[in-house]
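Participant: All residue numbers for the sequence shown refer to full-length UniProt numbering, where the first residue is 1 and numbers rise by one. Beta carbons: idealized from backbone N, C-alpha and C, even for Gly. In this text, all values refer to a predicted model and were calculated from it rather than measured experimentally.
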Amino acid sequence: RFPIKRPRERQSWLKNLSLRDNKQPLEYLRVCSEHFSEKCFIRENGIVTLRQGSIPTLF
1 RFPIKRPRER QSWLKNLSLR DNKQPLEYLR VCSEHFSEKC FIRENGIVTL RQGSIPTLF
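Structure (C-alpha coordinates):
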(Lines of atoms letter the chains of each structure in order from A and count residues from 1; the text may use other names and numbers.)
(Lines give C-alpha, C1' and ligand atoms only; values in the text may rest on other atoms or scores of the structure.)
Protein backbone atom coordinates (compact mmCIF):
# COMPACT_ATOMS: atom_id res chain seq x y z
CA ARG A 1 0.00 0.00 0.00
CA PHE A 2 1.03 3.56 -0.57
CA PRO A 3 2.56 5.27 2.49
CA ILE A 4 -0.24 7.85 2.64
CA LYS A 5 0.51 9.09 6.17
CA ARG A 6 4.28 9.40 5.63
CA PRO A 7 4.73 12.42 3.30
CA ARG A 8 8.46 12.08 2.57
CA GLU A 9 8.14 8.40 1.74
CA ARG A 10 4.99 9.05 -0.31
CA GLN A 11 6.80 11.67 -2.41
CA SER A 12 9.65 9.22 -3.11
CA TRP A 13 7.17 6.58 -4.26
CA LEU A 14 5.37 9.07 -6.50
CA LYS A 15 8.64 10.27 -8.03
CA ASN A 16 9.94 6.76 -8.71
CA LEU A 17 6.61 5.65 -10.18
CA SER A 18 6.27 8.83 -12.29
CA LEU A 19 2.94 9.72 -10.68
CA ARG A 20 1.55 13.01 -9.47
CA ASP A 21 0.06 13.38 -6.00
CA ASN A 22 -3.35 14.37 -7.38
CA LYS A 23 -3.64 11.76 -10.14
CA GLN A 24 -5.96 9.42 -8.23
CA PRO A 25 -6.80 8.52 -4.63
CA LEU A 26 -3.58 6.97 -3.32
CA GLU A 27 -5.31 4.77 -0.76
CA TYR A 28 -6.49 2.56 -3.64
CA LEU A 29 -3.11 2.20 -5.37
CA ARG A 30 -0.90 -0.84 -4.87
CA VAL A 31 2.62 -1.56 -6.13
CA CYS A 32 3.69 -5.08 -7.08
CA SER A 33 6.41 -6.69 -4.96
CA GLU A 34 8.58 -7.07 -8.08
CA HIS A 35 9.31 -3.32 -7.89
CA PHE A 36 11.15 -3.73 -4.56
CA SER A 37 14.55 -5.33 -3.92
CA GLU A 38 14.84 -8.39 -1.65
CA LYS A 39 16.27 -6.29 1.19
CA CYS A 40 12.95 -4.39 1.36
CA PHE A 41 11.12 -7.41 2.79
CA ILE A 42 10.86 -9.00 6.22
CA ARG A 43 10.15 -12.74 6.25
CA GLU A 44 8.95 -14.23 9.53
CA ASN A 45 7.03 -17.45 10.11
CA GLY A 46 6.07 -17.70 6.44
CA ILE A 47 4.72 -14.14 6.35
CA VAL A 48 6.32 -11.57 4.05
CA THR A 49 5.90 -7.86 4.79
CA LEU A 50 7.41 -4.73 3.30
CA ARG A 51 9.84 -2.88 5.55
CA GLN A 52 8.70 0.62 6.49
CA GLY A 53 10.72 3.17 4.53
CA SER A 54 11.12 0.93 1.47
CA ILE A 55 10.94 2.69 -1.90
CA PRO A 56 10.05 0.97 -5.21
CA THR A 57 13.20 1.06 -7.38
CA LEU A 58 13.00 -1.88 -9.79
CA PHE A 59 11.32 -1.29 -13.16
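1. Per DSSP, what kind of secondary structure is residue 50 in: helix, strand or coil?
2. Tell me the DSSP bridge mates of residue 41?
3. Which residue's Cα is closest to the Cα of residue 60: 51, 58 and 59?
4. Mapping DSSP to helix, strand and coil, what is residue 12?
5. DSSP three-state call for residue 18: helix, strand or coil?
Facilitator: Answer, in terms of the structure:
1. Locating residue 50 in the sequence shown gives position 50, counting from the first residue. Here residue 50 sits in strand by DSSP.
2. Looking up residue 41 in the sequence shown gives position 41. Its beta-bridge partners are 50.
3. Residue numbering for the chain in the displayed model covers 1 to 59; residue 60 lies beyond these limits and cannot be assessed.
4. Mapped onto the sequence shown, residue 12 falls at position 12. If DSSP states are grouped into helix, strand and coil, residue 12 belongs with the helices.
5. Within the sequence shown, the letter at position 18 stands for residue 18. Residue 18: coil per DSSP, three-state reduction.
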